[in-house]
Amino acid sequence: MSNLKPESIVTLLKYLDIDFLTEDQYEEICDLNINDEEQQLKVIKAVIVPGFNSLNDREQQSMMKVLNMCLGDNISFTGVFVSISLPFENEIIDKKNFFRNILKEISNEL
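So that you can map any letter, position 43 of the sequence shown is 131 in this note's numbering, and since no number is skipped, the others follow by simple counting.
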(Lines of atoms letter the chains of each structure in order from A and count residues from 1; the text may use other names and numbers.)
(Lines give C-alpha, C1' and ligand atoms only; values in the text may rest on other atoms or scores of the structure.)
Protein backbone atom coordinates (compact mmCIF):
# COMPACT_ATOMS: atom_id res chain seq x y z
CA MET A 1 0.00 0.00 0.00
CA SER A 2 2.82 2.37 -0.74
CA ASN A 3 0.76 4.32 -3.30
CA LEU A 4 -2.05 5.40 -1.05
CA LYS A 5 -5.04 7.00 -2.69
CA PRO A 6 -8.73 7.19 -1.77
CA GLU A 7 -9.50 4.16 -3.95
CA SER A 8 -7.36 2.09 -1.55
CA ILE A 9 -10.32 2.19 0.83
CA VAL A 10 -11.73 -0.74 -1.17
CA THR A 11 -9.33 -2.91 0.85
CA LEU A 12 -11.45 -2.14 3.92
CA LEU A 13 -14.84 -1.85 2.22
CA LYS A 14 -14.52 -5.33 0.76
CA TYR A 15 -15.69 -6.63 4.13
CA LEU A 16 -19.10 -5.16 3.25
CA ASP A 17 -19.18 -6.88 -0.12
CA ILE A 18 -21.83 -9.58 -0.41
CA ASP A 19 -19.15 -12.00 -1.63
CA PHE A 20 -17.05 -11.49 1.54
CA LEU A 21 -19.83 -11.51 4.14
CA THR A 22 -20.51 -14.64 6.10
CA GLU A 23 -24.10 -15.78 6.20
CA ASP A 24 -24.39 -14.60 9.81
CA GLN A 25 -22.96 -11.17 8.97
CA TYR A 26 -25.31 -10.83 6.03
CA GLU A 27 -28.32 -11.67 8.19
CA GLU A 28 -27.18 -9.20 10.83
CA ILE A 29 -26.81 -6.21 8.50
CA CYS A 30 -28.86 -6.74 5.32
CA ASP A 31 -32.06 -5.20 6.68
CA LEU A 32 -30.34 -2.16 8.20
CA ASN A 33 -30.61 1.28 6.65
CA ILE A 34 -27.04 2.26 5.81
CA ASN A 35 -28.07 5.92 5.72
CA ASP A 36 -29.45 5.95 9.26
CA GLU A 37 -26.64 7.02 11.60
CA GLU A 38 -27.41 4.51 14.36
CA GLN A 39 -27.88 1.60 11.96
CA GLN A 40 -24.77 2.60 10.02
CA LEU A 41 -22.74 2.36 13.23
CA LYS A 42 -24.14 -1.14 13.80
CA VAL A 43 -22.97 -2.15 10.32
CA ILE A 44 -19.52 -0.69 10.91
CA LYS A 45 -19.15 -2.43 14.29
CA ALA A 46 -20.43 -5.75 12.94
CA VAL A 47 -18.36 -5.97 9.77
CA ILE A 48 -15.82 -3.19 9.17
CA VAL A 49 -14.19 -3.16 12.62
CA PRO A 50 -13.57 -6.94 12.67
CA GLY A 51 -12.19 -6.72 9.11
CA PHE A 52 -9.87 -3.89 10.13
CA ASN A 53 -8.74 -5.86 13.17
CA SER A 54 -7.80 -8.78 10.92
CA LEU A 55 -5.24 -6.59 9.09
CA ASN A 56 -1.64 -6.52 10.25
CA ASP A 57 -0.20 -3.38 11.91
CA ARG A 58 1.24 -1.94 8.69
CA GLU A 59 -2.03 -2.47 6.82
CA GLN A 60 -3.97 -0.89 9.68
CA GLN A 61 -1.72 2.18 9.65
CA SER A 62 -2.13 2.50 5.89
CA MET A 63 -5.91 2.13 6.18
CA MET A 64 -6.02 4.88 8.83
CA LYS A 65 -4.13 7.16 6.42
CA VAL A 66 -6.54 6.31 3.62
CA LEU A 67 -9.55 6.95 5.85
CA ASN A 68 -8.14 10.35 6.78
CA MET A 69 -7.50 11.02 3.10
CA CYS A 70 -11.15 10.17 2.36
CA LEU A 71 -12.22 12.92 4.75
CA GLY A 72 -10.38 15.56 2.73
CA ASP A 73 -11.96 18.08 0.41
CA ASN A 74 -12.52 17.40 -3.28
CA ILE A 75 -12.25 13.62 -2.95
CA SER A 76 -14.17 11.62 -5.52
CA PHE A 77 -15.52 8.21 -4.54
CA THR A 78 -16.77 7.40 -8.03
CA GLY A 79 -14.57 4.35 -8.60
CA VAL A 80 -14.71 3.13 -5.03
CA PHE A 81 -18.25 1.85 -4.69
CA VAL A 82 -18.60 0.58 -8.25
CA SER A 83 -16.47 -2.47 -7.49
CA ILE A 84 -18.36 -3.47 -4.33
CA SER A 85 -21.76 -5.17 -4.11
CA LEU A 86 -23.26 -3.78 -0.92
CA PRO A 87 -26.09 -5.74 0.74
CA PHE A 88 -28.26 -2.70 1.31
CA GLU A 89 -31.38 -1.54 -0.44
CA ASN A 90 -29.99 1.99 -0.82
CA GLU A 91 -26.69 3.52 -1.84
CA ILE A 92 -24.64 5.31 0.83
CA ILE A 93 -25.64 8.96 0.48
CA ASP A 94 -23.13 10.78 2.71
CA LYS A 95 -19.94 8.89 1.96
CA LYS A 96 -17.69 11.31 3.83
CA ASN A 97 -19.75 10.88 7.01
CA PHE A 98 -19.68 7.12 6.48
CA PHE A 99 -15.87 7.21 6.40
CA ARG A 100 -15.85 9.53 9.42
CA ASN A 101 -17.94 6.97 11.32
CA ILE A 102 -15.62 4.15 10.28
CA LEU A 103 -12.62 6.12 11.49
CA LYS A 104 -14.36 6.90 14.78
CA GLU A 105 -15.28 3.25 15.43
CA ILE A 106 -11.86 1.95 14.47
CA SER A 107 -10.18 4.57 16.67
CA ASN A 108 -12.37 3.40 19.58
CA GLU A 109 -10.90 -0.09 19.11
CA LEU A 110 -7.25 1.02 19.14
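Beta carbons: idealized from backbone N, C-alpha and C, even for Gly.
- By the 16-neighbour rule on beta-carbons within 10 angstroms, L198 is exposed.
- Less than 9 angstroms separates the beta-carbon of I172 from that of L101.
- Here F140 is actually not in contact with P94; their C-beta atoms are around 17 angstroms apart, not less than 8 angstroms.
- Taken through DSSP and simplified to helix, strand or coil, K184 comes out as helix.
- Taking a contact to require three or more Cβ pairs closer than 8 angstroms, the stretch 141-158 and the stretch 107-121 do not qualify as touching.
- Rounded to whole angstroms, N121 and V98 show a C-alpha spacing of 21 angstroms.
- If you draw a 10 Å sphere on the C-beta of Q128, you find 16 or more other C-beta atoms in it, and that means buried.
- For C158, the enclosing alpha helix (DSSP H) stretches over residues D145 to C158.
- One alpha carbon belongs to F186, the other to I180, and they sit about 8 angstroms apart.
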